[in-house]
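J.: One structure follows; several queries about it will come next.
Numbering (the working numbering), first residue to last: 327 to 525.
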């Protein structure tokens, strides 16, 4: 029992420590005192491992699905884009806001907040789950913060790498939910860094 507890603690600790943040502009202290952010999501220039572009990735996945069952390729493409608003973004927002008690700091889409937080996803590895074999999703994200009225003048920016989903207990057969799990892990890491460095 003690061994199982130790392993579980080790896995949890490793998951929290795995997220790498490299500040590229300003410092965490620049965010001190900001209690609300308008959050925007950017997926431009998205990279997919082993593919030259997102378009090439979609073309390959659609062709493979259509070969097995005609018409399913287009459905995959539609879900690939709709999953952003259906899964990724809500999971990030919910997790971020839940981590700050009493709403001390919050993010909200289409807010009139003075500051905007841009979540620019630069890489997505969707992972896979075919029952006996599975692989976690992964993300790379650049966070930028700027006054909403001055989008070209960021006061803070950081690159996050090694963001990895934790698999939802192995019940992550849907790619959208698998990727969303990585956004949950990312939100946890971001709020931990913000809380620690903006007291």
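By construction, the Cβ of each residue, glycine as well, lies at the ideal position given by its N, Cα and C atoms.
Only a predicted model underlies this, so the values are computations on that prediction, with no experimental measurement involved.
Which term fits residue 513, buried or exposed, when burial requires 16 or more other beta carbons within 10 angstroms of its beta carbon?
T.: By the neighbour-count rule (16 or more Cβ atoms within 10 Å), residue 513 is buried.
J.: Below 8 Å on the Cβ atoms is my guess for residue 413 versus residue 502; work out the distance and round it to an integer in Å.
T.: Their Cβ separation, rounded to whole angstroms, is 4 Å, which keeps residue 413 and residue 502 in contact under 8 Å.
J.: Based on Cα-Cα distance, which residue from 394, 354, 505 lies nearest to residue 455?
T.: Answer by Cα proximity: 505.
J.: Determine the direct distance from the alpha carbon of residue 352 to that of residue 418, and round the result to whole angstroms.
T.: Computed Cα separation, rounded: 23 Å.
J.: Nearest by alpha-carbon distance to residue 384: which of 451, 471, 431, 474 is it?
T.: Minimum Cα distance to residue 384 is reached at 451.
J.: Does DSSP classify residue 378 as helix, strand or coil?
T.: Note: residue 378 maps to coil in three-state DSSP.
J.: Residues bridged to residue 465 by DSSP?
T.: Answer is 450, 489, bridged to residue 465.
J.: With respect to the beta strand (DSSP E) encompassing residue 363, which residues constitute its N-terminal and C-terminal limits?
T.: Looking at the DSSP string, the run of the beta strand (DSSP E) that includes residue 363 is 362 to 368.
J.: Does DSSP classify residue 393 as helix, strand or coil?
T.: Three-state result, residue 393: helix.
J.: Beta carbon of residue 516, beta carbon of residue 448: below 8 Å?
T.: No.
J.: State the DSSP-derived secondary structure class of residue 408, mapped to helix, strand or coil.
T.: Correct three-state label for residue 408: helix.
J.: Okay, do the segment 352 to 361 and the segment 427 to 442 touch, 3+ Cβ pairs below 8 Å being the bar?
T.: Touching, per the Cβ criterion.
J.: Give me, in chain order, the residues of the same chain whose beta-carbon lies closer than 6 Å to that of residue 422; leave out the 5 immediate sequence neighbours on both sides.
T.: Closer than 6 Å at the Cβ level, and outside the excluded window around residue 422, lie 433, 513, 517.
J.: Per the contact definition of three or more C-beta pairs closer than 8 Å, is the segment 388 to 396 in contact with the segment 477 to 492?
T.: These segments do not touch.
J.: With DSSP run on the structure shown, which of helix, strand or coil describes residue 501?
T.: Three-state DSSP puts residue 501 in a helix.
J.: Pick from 349, 345, 346, 357: whose alpha carbon is nearest that of residue 440?
T.: It is 357.
J.: Identify, in the order they occur along the chain, each residue of the same chain with its Cβ nearer than 6 Å to the Cβ of residue 425, setting aside the five sequence neighbours on each side.
T.: Result list for residue 425: 517, in chain order.
J.: Using 10 angstroms around the beta-carbon of residue 464, count the other beta-carbons present and answer buried if the total reaches 16, otherwise exposed.
T.: Counting Cβ neighbours within 10 Å, residue 464 comes out buried, since at least 16 surround it.
J.: Alpha carbon to alpha carbon, how far is residue 459 from residue 368? Give it in angstroms, no decimals.
T.: When rounded, the distance between both Cα atoms is 31 Å.
J.: Counting contacts by CB-CB distance shorter than 8 Å, is residue 382 in contact with chain E?
T.: The chain inventory of the structure shown lacks chain E, comprising one protein chain alone.
J.: Can you list, in chain order, the residues of its chain whose CB lies under 8 Å from that of residue 410, leaving out five sequence neighbours each side?
T.: Only 367, 369 meet the Cβ criterion.
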